[in-house]
Amino acid sequence: SLALGLAAALLCMLLGAGIIWASWYHKKSTASAKVPRGLIAMVFTDIQDSTELWETDATHMRLMLMETDKFMRMLLDKYKGYEVKTEGDSFFVTFSNPDNAIQWALDVQSKLLELDWPMGSDMMGSKSCQPVAKHDSAKMLWNGFRMRCGIHVGKPEVIF
1 SLALGLAAAL LCMLLGAGII WASWYHKKST ASAKVPRGLI AMVFTDIQDS TELWETDATH
61 MRLMLMETDK FMRMLLDKYK GYEVKTEGDS FFVTFSNPDN AIQWALDVQS KLLELDWPMG
121 SDMMGSKSCQ PVAKHDSAKM LWNGFRMRCG IHVGKPEVIF
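Here is the structure:
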């Protein structure tokens, strides 16, 4: 009777381990099939001093963030990018072509220069938003908030 109980318990444990292994194997093979091949580029954006800007002028920050989010998504379509995630004022996007990622980031910076920023707002009074021109010309270097774009290029793989 004790031997029968131990045998049944062992059988249940082996069956459970087999189910867990099969589930893991299926998940791994399914995930591997979805992973892009070759080089991909991941871009992470961040607005410099965004917490300070939100505290200084939440109304204009919200409006300008809606504007920038809109054109960043339009540019994603143009450069065949994929929006993985947004959190607060940050974007995480990917591209199957690293050149497209670089061009997207450059176009984001150009669009920031062209935006109609609320010049009389408290937000624009912040050092993180003030327009900056090249010292020996009228060429603008910065206008509005500063958007950082970090790019990583590599080959994806599934690791469990």
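The opening residue of the sequence shown carries number 1 in full-length UniProt numbering; numbering runs sequentially from there. Using N, Cα and C, we set each Cβ at its ideal position, and we do this for glycine too.
- The three-state secondary structure of arginine 37, taken from DSSP, is coil.
- Selection Val132, Asp57 and Glu83 evaluated against proline 118 yields Asp57 as nearest (Cα-Cα).
- In this structure, the alpha-carbon of leucine 6 lies about 55 Å from that of phenylalanine 95.
- Just so you know, the alpha carbons of leucine 15 and lysine 155 end up roughly 37 Å apart.
- Take the alpha-carbon of lysine 127 and the one of glutamate 157: they are about 41 Å apart.
- For lysine 85, the uninterrupted beta strand (DSSP E) segment begins and ends at 81-87.
- Burial state of leucine 53 is buried, judged by a 10 Å Cβ sphere holding 16 or more other Cβ atoms.
- Boundaries of the beta strand (DSSP E) harbouring serine 90: 90-95, taken from the DSSP string.
- Taking the Cα of glycine 150 as reference, the smallest distance to any Cα among Val132, Ile47, Lys139 and Trp142 is reached at Ile47.
- With contact defined as three or more Cβ pairs closer than 8 Å, the segment 139-147 and the segment 99-116 are in contact.
- Within 10 angstroms of the beta-carbon of glycine 81 lie 16 or more other beta-carbons, which makes it buried.
- Secondary structure note for histidine 60: its alpha helix (DSSP H) is the uninterrupted segment 58-78.
- Counting along the chain, tryptophan 104 sits inside the alpha helix (DSSP H) bounded by residues 98-114.
- Minimum Cα-Cα distance from alanine 41 among the listed residues Asn100, Met74 and Ile159 corresponds to Asn100.
- Counting along the chain, no alpha helix (DSSP H) covers glycine 144, and no H or E run does either.
- Secondary structure of isoleucine 159 (DSSP, three-state): coil.
- Taken atom to atom, the span from the alpha-carbon of leucine 11 to that of serine 1 is near 15 Å.
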